[in-house]
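Visitor:
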Amino acid sequence: MTNGEPLKIAIASGKGGTGKTFVATTLFHTLIKRGLQVTLVDCDAEAPNVLEFFNSGKIWEEEVSHQVPVIDTEKCVFCGKCHEYCEYKAIFYLPTMKVIQVMEELCHGCGACSYACEFGAIAEKPVSLGVVSGFLINENSTLIESRINIGVMSPVPLIKAAISKIEPGIAIALFDSPPGTSCPFIQTAARADFIVLVTEPTPFGLSDLRQSVETLRQIDKPCGVIINKASLGNRDVYKYLDQENIPLLLEIPFSREIATAYSSGKMATEAVPALEEQFLQVFSTIKMNYGNSHHQW
Amino acid sequence: METAIISGKGGTGKSSISAAFAMIAGEVVLADCDVDAANLYILFDPEKEEERVYVGGKKAVIDYDLCTNCGLCVDYCRFHAIHTIDGKVEISEVSCDGCKLCARVCPFDAISMVENNLSRMFSGNFRGGKMVYGRLAPGEENSGKLVNMVRAKAKELAKEGNFSHIIIDGPPGIGCAVISAISGVNQVVIVTEPSMSGLHDLKRAVEVTQKFNLNPWVLINKFDLNTEMTVVIENYCRKSGLKIAGKLPFDPIVVDAMVNLKSIPEWAPESEISSRLKKIWRKIVGGKNPC
Ligand code: SF4
Ligand code: SF4
Ligand code: SF4
Ligand code: SF4
Chain W
153 MTNGEPLKIA IASGKGGTGK TFVATTLFHT LIKRGLQVTL VDCDAEAPNV
203 LEFFNSGKIW EEEVSHQVPV IDTEKCVFCG KCHEYCEYKA IFYLPTMKVI
253 QVMEELCHGC GACSYACEFG AIAEKPVSLG VVSGFLINEN STLIESRINI
303 GVMSPVPLIK AAISKIEPGI AIALFDSPPG TSCPFIQTAA RADFIVLVTE
353 PTPFGLSDLR QSVETLRQID KPCGVIINKA SLGNRDVYKY LDQENIPLLL
403 EIPFSREIAT AYSSGKMATE AVPALEEQFL QVFSTIKMNY GNSHHQW
Chain Z
2 METAIISGKG GTGKSSISAA FAMIAGEVVL ADCDVDAANL YILFDPEKEE
52 ERVYVGGKKA VIDYDLCTNC GLCVDYCRFH AIHTIDGKVE ISEVSCDGCK
102 LCARVCPFDA ISMVENNLSR MFSGNFRGGK MVYGRLAPGE ENSGKLVNMV
152 RAKAKELAKE GNFSHIIIDG PPGIGCAVIS AISGVNQVVI VTEPSMSGLH
202 DLKRAVEVTQ KFNLNPWVLI NKFDLNTEMT VVIENYCRKS GLKIAGKLPF
252 DPIVVDAMVN LKSIPEWAPE SEISSRLKKI WRKIVGGKNP C
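Going down the list, the protein sequences come from chains W and Z.
In short: position in the first sequence from 1, add 152, done, that's the numbering used here.
In short: position in the second sequence from 1, add 1, done, that's the numbering used here.
(1) So, with DSSP's three-state summary, where would you put Asn397/W?
(2) Which residues of chain Z have a Cβ atom closer than 7 Å to the Cβ of Phe356/W, listed in chain order?
(3) Excluding the 5 residues flanking Leu183/W on each side, which residues of the same chain have their C-beta closer than 7 Å to its C-beta?
(4) Looking at chain Z, is there any beta carbon in it that lies within less than 8 Å of the beta carbon of Gly443/W?
(5) Taking 8 Å as the cut-off, decide whether the C-beta atoms of Lys295/W and Leu192/W are in contact.
(6) Counting along the chain, where does the beta strand (DSSP E) carrying His218/W start and finish?
(7) Quick one: what's got a C-beta closer than 8 Å to Val62/Z's C-beta in the same chain, skipping five residues either side?
(8) In three-state DSSP terms, what is Asp98/Z?
(9) Since I believe Gly171/Z is in contact with Gly6/Z (beta carbons under 8 Å), could you give me their beta-carbon distance rounded to a whole number of angstroms?
(10) Counting only Cβ pairs nearer than 9 Å, list the residues of chain Z close to Glu239/W.
(11) Looking at chain W, is there any beta carbon in it that lies within less than 8 Å of the beta carbon of Ile83/Z?
(12) Please return the same chain residues whose Cβ sits closer than 8 Å to the Cβ of Arg387/W, not counting the five positions on each side in sequence.
(13) Is Gly99/Z near ligand 3, judged by its Cβ being under 7 Å from some heavy atom?
(14) Determine, using beta carbons only, whether Cys177/Z comes closer than 8 Å to chain W.
(15) Just to confirm, is the Cβ distance from Ile398/W to Val365/W under 8 Å?
(16) Measuring CB atoms only, is the segment 197-206 of chain W touching the segment 395-413 of chain W, in the sense that at least three cross pairs come out at less than 8 Å?
(17) Rounded to the nearest angstrom, what separates Cys234/W and Glu214/W at their Cα positions?
(18) If you count every other CB in all the chains shown that lies within 10 Å of the CB of Asp328/W, and 16 or more means buried, which is it?
(19) Anything in the segment 3-27 of chain Z with a Cβ closer than 7 Å to a Cβ of chain W? List those residues in chain order, please.
(20) Check whether the segment 147-158 of chain Z touches the segment 312-319 of chain W, counting contact only when three or more Cβ pairs, one atom from each stretch, lie closer than 8 Å.
(21) Got a sec: does ligand 2 put a non-hydrogen atom nearer than 7 Å to the Cβ of Lys233/W?
(22) I want to verify the contact list: residues of chain Z whose CB lies under 7 Å from the CB of Gly332/W, in sequence order.
(23) Is Val254/W close to ligand 2? I mean its beta-carbon at under 7 Å from any heavy atom of the ligand.
(24) What runs of the beta strand (DSSP E), each 3 residues or longer, lie entirely inside the segment 371-425 of chain W?
(25) Using a Cβ-Cβ distance under 8 Å, would Asp360/W count as near chain Z?
(26) Residues of chain W with CB under 8 Å from Ser184/Z, in chain order?
(27) Find the nearest neighbour of Ala382/W within the set Thr173/W, Lys312/W, Asn301/W, Leu402/W, judged by alpha-carbon distance.
(28) Check the Cβ-Cβ distances between Asn290/Z and every residue of chain W, and say whether any is below 8 Å.
(29) Hey, is Ser120/Z's beta-carbon within less than 8 Å of any beta-carbon in chain W?
(30) Select from the segment 174-187 of chain W all residues with a C-beta closer than 7 Å to any C-beta belonging to chain Z, and list them in chain order.
(31) Within its chain, find whatever has a CB closer than 8 Å to the CB of Gly88/Z; leave out the 5 residues flanking it on each side and keep chain order.
(32) Does the segment 137-144 of chain Z touch the segment 44-62 of chain Z, meaning 3 or more C-beta pairs lie closer than 8 Å?
(33) Taking only beta-carbon positions, decide if Val52/Z is within less than 8 Å of chain W.
(34) Against Glu161/Z, what residues of chain W qualify as contacts under a CB-to-CB distance less than 9 Å, listed in chain order?
(35) Bridge partners for Trp218/Z per DSSP, in chain order?
(36) With DSSP run on the structure shown, which of helix, strand or coil describes Tyr237/W?
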């Protein structure tokens with residue numbers, strides 16, 4: 153934890169539903185109970201649901217927007233250069249009919265069209281992508297949620313904005329990562345010091361885990377694995393971890409009590425108090441081995 | 002007829018259910034549109050007939066023989082993908098959105114765009130008919146476009162082979178990939194779980210389907226893990242005029258089947274869960290038979 157930077161741990165899984173949010177919220181809860189300063193960032197902007205597990209009040213909210221072009225058809229000479237410069241085909245252009253139009257839902261806000269126009273016909277306006285909000289859990293801890301507007305293509309700007317809102321001086325930041333292994337996941341993982349991958353010991357679980365591990369190796373990030381629902385399934389995931397030298401941080405057997413508590417929005421530790429000690433152990437392992445990893449933004 | 006199976010979020014059992022439907026329906030074209038984490042091929046081990054490269058987008062690359070470190074590209078990149086690190090201008094592959102603006106502004110033509118071409122689309126035969134699936138390489142974008150490619154191929158195969166059904170295992174979430182997976186389909190089944198977050202995700206998925214004027218079926222999986230929430234979800238469906246396709250209990254058979262690389266009805270044809278799945282499928286395709 154160089155220069156007061158928090159230790160940043162992302163909790164991820166190749167796919168949703170393996171218990172990633174369960175792990176993130178339980179870890180968060182456990183650390184809070186020890187009086188540590190923790191911020192949990194819900195980076196799953198497409199379906200944030202961490203908030204449901206905590207009773208808390210919103211303390212701030214910030215709209216995240218990008219700049220979308222507005223074409224002044226009075227000044228436009230229909231040269232078509234903006235259309236040519238737009239890599240996302242967001243400018244609809246029919247020169248013969250003198251029609252030019254920005255399709256906002258396709259626009260990435262890159263600014264190439266504004267740069268292209270030599271006739272001063274393009275201005276820009278902000279268009280909302282979603283909101284990032286902060287919630288107070290107790291005097292030490294906060295929750296930051298990213299939430300994308302329906303129809304917006306990429307959650308990445310929301311994720312970046314949410315992570316950038318972590319207060320300086322906080323000791324630990326947990327990221328509840330978006331599912332999958334595409335850009336949103338990579339953007340989240342790239343900002344963490346260590347990634348906890350949550351998986352299930354099944355062929356689907358193994359396939360998703362493999363893909364996550366390969367992705368993390370590409371961006372050179374250390375990871376460890378929590379096997380959830382450990383009593384169901386087979387041993388292939390364990391063999392894989394052995395082969396690849398990936399630390400197994402914890403096994404959580406399938407338990408109806410956990411499933412039921414979790415599905416009612418309760419903390420799993422209420423159902424199985426022993427989990428708390430185990431999660432603390434996971435945290436100590438990560439802190440000890442990766443706490444000083446050089447952070448990268 | 003195209004039936005898409007989606008879920009507001011992953012892990013609801015959508016893929017196991019899609020696999021079961023595919024085997025129950027008989028000869029089908031099965032399209033795995035969960036391109037970010039395709040895994041039905043694990044169960045069905047399709048025989049590959051065709052492999053196509055999918056170009057997902059581009060990334061900017063600097064030629065350091067030409068770059069003078071002037072820093073202009075850094076100022077223009079709105080995705081903060083270019084930084085000066087130890088006195089040298091560098092592009093972060095992770096953050097580059099592929100807009101090409103840096104390549105256009107560079108006075109020394111030092112930047113070029115390279116294609117992301119590691120993603121693939123596969124198609125071939127499996128024991129239930131034809132199968133198509135896409136695999137998006139890590140970090141590549143535009144999964145919606147790959148989904149479109151998979152669906153186009155599925156339609157082509159259905160036409161050639163006279164298949165009456167296309168079953169789409171959709172991507173999780175409510176993003177552009179889901180929109181690509183459900184636009185123009187005949188019906189949608191949303192698989193949900195009885196939990197607070199399940200209901201929340203269900204509502205968001207319903208919103209998306211309604212944008213396409215689809216009246217979705219709702220299938221409650223693992224309903225016995227929280228019967229109170231199941232009632233809440235059923236009430237929500239009734240109030241909102243959503244059709245309930247049926248309920249499935251939590252059953253270790255689902256995992257056993259997967260571990261043995263079989264779909265549920267293949268692994269345990271006589272089980273209660275298989276007969277429930279058959280009933281649900283009949284209900285969905287027949288549109289009647291209350292179960
Ligand atoms: S800002 Fe970029 S993406 Fe949007 S219309 Fe202009 S060129 Fe296209
Ligand atoms: S570049 Fe400017 S002048 Fe040319 S078509 Fe676009 S808006 Fe019109
Ligand atoms: S292509 Fe666009 S996003 Fe990528 S580095 Fe260049 S300006 Fe930035
Ligand atoms: S604009 Fe071109 S020359 Fe200038 S720093 Fe960027 S790549 Fe190098």
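Note that the Cβ used here is the ideal one computed from N, Cα and C, for glycine as well.
Here the structure is a predicted model, which is why all the values come from computation and not from measurement.
Guide: The relevant details are as follows:
(1) As a position in the first sequence, residue 397/W is number 245, starting the count at 1. Looking at Asn397/W - three-state DSSP - the assignment turns out to be coil, as it is neither helix nor strand.
(2) Numbered from 1 along the first sequence, position 204 holds the residue referred to as residue 356/W. Ser16, Asn40, Ile43, Met259, listed in chain order.
(3) Translated into positions along the first sequence, residue 183/W becomes position 31. Contacts found: Val190, Ile324, Phe435.
(4) Stepping through the first sequence from its first residue, residue 443/W is reached at position 291. No, Gly443/W lies away from the interface with chain Z (no Cβ there is under 8 Å from its Cβ).
(5) Here the question's residue 295/W lines up with position 143 in the first sequence. Here the question's residue 192/W lines up with position 40 in the first sequence. A quick correction: the sequence has Leu, not Lys, at residue 295/W. Cβ atoms of Leu295/W and Leu192/W: closer than 8 Å.
(6) Mapped onto the first sequence, residue 218/W falls at position 66. Element bounds for His218/W: 209-223.
(7) Here residue 62/Z is taken as the residue at index 61 of the second sequence, counted from 1. Ile92, Ile112, Ser113, Met114, Val115.
(8) As a working note, residue 98/Z is residue 97 in the second sequence. Judged by DSSP in its simplified three-state form, Asp98/Z adopts coil rather than helix or strand.
(9) For the purposes of this step, residue 6/Z is taken as the residue at position 5 of the second sequence. For the purposes of this step, residue 171/Z is taken as the residue at position 170 of the second sequence. At residue 6/Z the sequence reads Ile, which differs from the Gly that was named. Indeed they touch by this definition, with Cβ atoms about 6 Å apart.
(10) On the first sequence, residue 239/W is found 87 positions in, with the first residue counted as 1. The answer, in chain order, is Gly58, Lys59, Asp98, Gly99, Cys100, Lys101, Leu102, Met114.
(11) For the purposes of this step, residue 83/Z is identified with residue 82 of the second sequence, where counting begins at 1. Chain W places no beta carbon closer than 8 Å to that of Ile83/Z, leaving this residue out of the contacts.
(12) Residue mapping note: residue 387/W aligns to position 235 of the first sequence, counting from 1. Closer than 8 Å at the Cβ level, and outside the excluded window around Arg387/W, lie Pro353.
(13) The count along the second sequence starts at 1 and reaches residue 99/Z at position 98. Gly99/Z Cβ: within cutoff of ligand 3.
(14) On the second sequence, position 176 is the one that residue 177/Z refers to. Judged by the 8 Å Cβ criterion, Cys177/Z is in contact with chain W.
(15) On the first sequence, position 246 is the one that residue 398/W refers to. On the first sequence, position 213 is the one that residue 365/W refers to. Cβ atoms of Ile398/W and Val365/W: closer than 8 Å.
(16) no
(17) In the first sequence, counting from the first residue as 1, residue 234/W sits at position 82. In the first sequence, counting from the first residue as 1, residue 214/W sits at position 62. Approximately 31 Å, taken between the alpha carbons.
(18) The residue labelled residue 328/W in the question sits at position 176 within the first sequence. Buried is the call here.
(19) Gly9, Lys10, Gly11, Gly12, Thr13, Ser16
(20) no
(21) In the first sequence, residue 233/W corresponds to position 81, counting from 1. Because some heavy atom of ligand 2 lies under 7 Å away, the Cβ of Lys233/W counts as near it: yes.
(22) Your numbering for residue 332/W matches position 180 in the first sequence. Ordered by position in chain Z, the residues that pass the 7 Å Cβ test against Gly332/W are Asp37, Ala38.
(23) Residue numbering aside, residue 254/W sits at position 102 when the first sequence is read from its first letter. No.
(24) 375-380, 400-404
(25) By one-based count along the first sequence, residue 360/W stands at place 208. By this cut-off, Asp360/W is an interface position.
(26) Within the second sequence, numbered from 1, the residue matching residue 184/Z stands at position 183. In chain order: nothing, as chain W lies at least about 13 Å away.
(27) Here the question's residue 382/W lines up with position 230 in the first sequence. The shortest C-alpha separation from Ala382/W is found at Leu402/W.
(28) The sequence position of residue 290/Z within the second sequence is 289, counting from 1. Below a pLDDT of 50, predicted positions are generally treated as unreliable, and Asn290/Z, at 41, falls in that range; the measurement from the model is reported next regardless. Chain W contact via Cβ: absent.
(29) One-based indexing of the second sequence puts residue 120/Z at position 119. No, because no Cβ of chain W sits closer than 8 Å to the Cβ of Ser120/Z.
(30) Within the segment 174-187 of chain W, no residue has a Cβ that lies closer than 7 Å to any Cβ of chain Z.
(31) Stepping through the second sequence from its first residue, residue 88/Z is reached at position 87. So the qualifying residues of the chain are Asn70.
(32) yes
(33) What you label residue 52/Z is simply residue 51 of the second sequence in a count that begins at 1. First, the residue type needs correcting, since residue 52/Z is Glu and not Val in the sequence shown. Not closer than 8 Å to any Cβ of chain W, the Cβ of Glu52/Z fails to qualify, so no.
(34) Taking the second sequence and counting its residues from 1, one reaches residue 161/Z at position 160. Under the 9 Å cutoff, chain W gives no residues; its nearest Cβ is about 29 Å from Glu161/Z.
(35) Here residue 218/Z refers to the residue found at position 217 when the second sequence is read from its first residue. Residue pairing by DSSP places Trp218/Z opposite Val190/Z, Lys244/Z in a beta bridge.
(36) Along the first sequence, read from residue 1 onward, the residue named residue 237/W stands at position 85. Tyr237/W falls in the helix class under three-state DSSP.
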